[in-house]
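**Q** Numbers given in the working numbering equal positions in the sequence shown, counted from 1, plus 20.
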Amino acid sequence: MPELRKDPVTGRWVIIATDRAMRPADFIRESVEPKGGRICPFCPGNEQKTPPEILAYRPEGGARNQPGWTLRVIPNKFPVLRVEGELSRHGEGLYDKMNGVGAHEVVIESPEHSATLSQLSETQIEQALWAFRDRILDLKKDIRLNYILIFKNHGESAGSNLEHCHSQLIALPVVPKRVREELDGAKRYFDFKERCIFCD
Numbered sequence: 021m022p023e024l025r026k027d028p029v030t031g032r033w034v035i036i037a038t039d040r041a042m043r044p045a046d047f048i049r050e051s052v053e054p055k056g057g058r059i060c061p062f063c064p065g066n067e068q069k070t071p072p073e074i075l076a077y078r079p080e081g082g083a084r085n086q087p088g089w090t091l092r093v094i095p096n097k098f099p100v101l102r103v104e105g106e107l108s109r110h111g112e113g114l115y116d117k118m119n120g121v122g123a124h125e126v127v128i129e130s131p132e133h134s135a136t137l138s139q140l141s142e143t144q145i146e147q148a149l150w151a152f153r154d155r156i157l158d159l160k161k162d163i164r165l166n167y168i169l170i171f172k173n174h175g176e177s178a179g180s181n182l183e184h185c186h187s188q189l190i191a192l193p194v195v196p197k198r199v200r201e202e203l204d205g206a207k208r209y210f211d212f213k214e215r216c217i218f219c220d
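(1) Quick one: is Val121 buried, meaning 16 or more other Cβ sit within 10 Å of its Cβ, or exposed?
(2) Given 8 Å as the limit, is there contact between the segment 107-120 and the segment 138-156, that is, 3 or more CB pairs closer than that?
(3) By a C-beta neighbour count over all protein chains shown, 10 Å radius and 16 as the cutoff for buried, is Gly31 buried or exposed?
(4) Exposed or buried, which one is Leu192 when buried takes at least 16 other CB atoms within 10 Å?
(5) Exposed or buried, what is Phe212 when buried is set at 16 or more other beta-carbons lying within 10 Å of its beta-carbon?
(6) Is the beta carbon of Leu114 closer than 8 Å to that of Cys185?
(7) For Ser51, which residues of its own chain have a beta-carbon under 8 Å away from its beta-carbon, when the five flanking residues on both sides are left out?
(8) In the DSSP assignment, find the beta strand (DSSP E) that holds Leu91 and state where it starts and stops.
(9) With a cut-off of 8 Å, do at least 3 Cβ pairs link the segment 156-172 to the segment 187-203?
(10) Is it a yes or a no for the segment 75-83 touching the segment 96-103, going by three-plus beta-carbon pairs under 8 Å?
(11) Can you give the beta carbon distance from Leu140 to Glu129, rounded, assuming they're within the 8 Å contact cut?
(12) Closest to Lys172 by C-alpha separation, out of Pro64, Asp162, Ala148, would be which residue?
(13) By DSSP, does Val121 sit in helix, in strand, or in coil?
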């Protein structure tokens, strides 16, 4: 199971998730072409190569975990945090530690393998935003989770392991120190000037 450790000097929490080393990669440079080519687990027809879907939009209807979707949300097969378990915060030596409880999901924004974010239609972008909202509303019900982050990597240089267009959502049991500092700074500004710093 992943775990979170708090840096005793900076007060920042870090995630230790050794299972992430097992992720597949479309961008590994090999001297020999893989036999049979790579099969994308995010493409329609390969739904059984991913964990069972959490959410999918199927305008024509259809069965779960089958083709016919325009957007799918699945648990990350190699998560940095897992929904199962208790936080169990405890000290060990210098560190405060807790189990890596949280959520790590993948939002597959399009069934088209080679589509990029800039190539998605307005409807597809709208669907992605609705999916983010739906997942955030659902995850907010879990009292163990305190912060939700949505991010997108595209391409090898950005750290993406798979080429197919997707975003990720991570729900954390702690609010990152940097976010807390920004919120506190914005509150101090408002208290002093009686105005929102983000509106000025």
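In this text, a Cβ means the ideal position worked out from N, Cα and C, and glycines have one as well.
**A** Short version:
(1) buried
(2) no
(3) exposed
(4) buried
(5) exposed
(6) no
(7) For Ser51, the pLDDT reaches just 34, beneath the cut-off of 50, and the residue's location in the model is therefore unreliable, although a value from the coordinates is still provided. Closer than 8 Å at Cβ, skipping near neighbours: no residue.
(8) 91-95
(9) yes
(10) no
(11) 6 Å
(12) Ala148
(13) strand
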